[in-house]
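Under the numbering used here, the first residue of the sequence shown carries the number 49, and numbering increases by one thereafter. Encoded as structure tokens, the structure appears first; notes follow it.
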Amino acid sequence: CDGSHKTTALTLTHHLIQAVILKTDSDMAEVRELVKTGDVFSMNTGKTIKAELREKADHLKDADFFETVKNKTDRMVKEKIIPDFMIGYYKRKSKKS
């Protein structure tokens, strides 16, 4: 899904993750227009809510496990999957919180 790297970066820098709740097909059209104008950086949306849900279900159907962004970030820090300078920043800021 689009945004995985962005949400991890936000978590590493202790910033909130912005979210959009889409309830109707017209909400989907509105978001597509916001992307075109640059008001929203990027967001992949289908034409309808049902189409979007089908795409997400297909994308996630073979996943072995699910984890929150925080849990994923903590795992990546523990397993040293990300560069040391990012880990250091994350840990320093975590101690101050």
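For glycine and all other residues, C-beta sits at the position ideal for the given N, C-alpha and C. Please read all numbers here as calculations on a predicted model, not as lab measurements.
Nearest-angstrom beta carbon gap, T55 and I65 [assumed within contact, 8 angstroms]: Contact between I65 and T55 holds: their C-beta atoms lie close to 5 angstroms from each other, under 8 angstroms.
Classification of T93 by the beta-carbon crowding that lies within 10 angstroms, buried from 16 upward: Per the 10 Å Cβ criterion, buried.
H53 - DSSP class collapsed to helix/strand/coil: Per DSSP, reduced to three states, the secondary structure at H53 is helical.
From T61, M76 and K128, residue whose alpha carbon lies closest to that of R140: It is T61.
Contact set for K118: own chain, Cβ-Cβ below 7 angstroms, skip 5 residues either direction: Cβ within range, chain order: T59.
Length of the line joining the Cα atoms of K71 and I97: When rounded, the distance between both Cα atoms is 7 angstroms.
Between the CA atoms of A77 and F113 - distance to the nearest angstrom: Between F113 and A77, the C-alpha separation is close to 31 angstroms.
Span of the alpha helix (DSSP H), counted from its first residue to its last, around F89: Looking at the DSSP string, F89 is not in any alpha helix (DSSP H), and its letter there is neither H nor E.
DSSP-derived helix/strand/coil call for D132: DSSP places D132 in helix when its eight states are reduced to three.
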